[in-house]
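If you use my numbering, the sequence shown corresponds to residues 23 to 102, in order. All C-beta atoms in this analysis are idealised placements derived from N, C-alpha and C, irrespective of residue type, glycine included. Please read the structure below before turning to the comments.
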Amino acid sequence: MSKGGENVNITVKEAAKLMGVSPQFVRIQMQRNLLPIGSVKKNPQGKCRYYISPKLFEEYTGIKVTKKENIEATNSENSL
Numbered sequence: 023m024s025k026g027g028e029n030v031n032i033t034v035k036e037a038a039k040l041m042g043v044s045p046q047f048v049r050i051q052m053q054r055n056l057l058p059i060g061s062v063k064k065n066p067q068g069k070c071r072y073y074i075s076p077k078l079f080e081e082y083t084g085i086k087v088t089k090k091e092n093i094e095a096t097n098s099e100n101s102l
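This is the structure in structure tokens:
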């Protein structure tokens, strides 16, 4: 996705929609290093924060994401 020409994070929910899986699947697979689309950081309280790189997401899934609005459009197309 791009915002003013720079890449921004794809949310877990957005990635899950595009892939046709649940957000929990994305979280667990990323935590287990089985889904190489970004990184997971745990804070001292144990809460995980997820960074999903648009570039890594596109390379791994083959799904092109250029703008946030395209996530909704792509998801609609995938459900046809």
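Residue nearest to residue i in terms of C-alpha spacing, selected from the options
i: lysine 77; options: Ile59, Val48, Leu40; result: Ile59
i: proline 45; options: Gly68, Ile74, Gly84; result: Ile74
i: asparagine 105; options: Arg54, Val62, Val43, Ile50; result: Since the first residue of the chain shown is 23 and the last is 102, residue 105 is not available in this structure.
Contacting residues, own chain, Cβ-Cβ under 6 angstroms from residue i (five flanking each side not counted)
i: valine 48; result: Val34, Ala37, Ala38
CB contact flag (residue i, residue j, <8 angstroms)
i: tyrosine 72; j: methionine 52; result: yes
Proximal residues to residue i (C-beta, below 8 angstroms), its chain only, five neighbours per side dropped
i: tyrosine 82; result: Leu57, Pro58, Ile59
i: cysteine 70; result: Arg49, Gln53, Val62, Lys63, Lys64
Boundaries of the beta strand (DSSP E) in which residue i is found, first to last residue
i: isoleucine 50; result: Looking at the DSSP string, isoleucine 50 is not in any beta strand (DSSP E); the run it does join, the alpha helix (DSSP H), is 45-53.
i: valine 87; result: Here valine 87 belongs to no beta strand (DSSP E), and DSSP marks it neither H nor E.
Cut-off 7 angstroms between Cβ atoms - residues of its own chain near residue i, not counting five sequence neighbours on either side
i: isoleucine 50; result: none
i: valine 43; result: none
Endpoints, alpha helix (DSSP H) assigned at residue i
i: valine 34; result: 34-41
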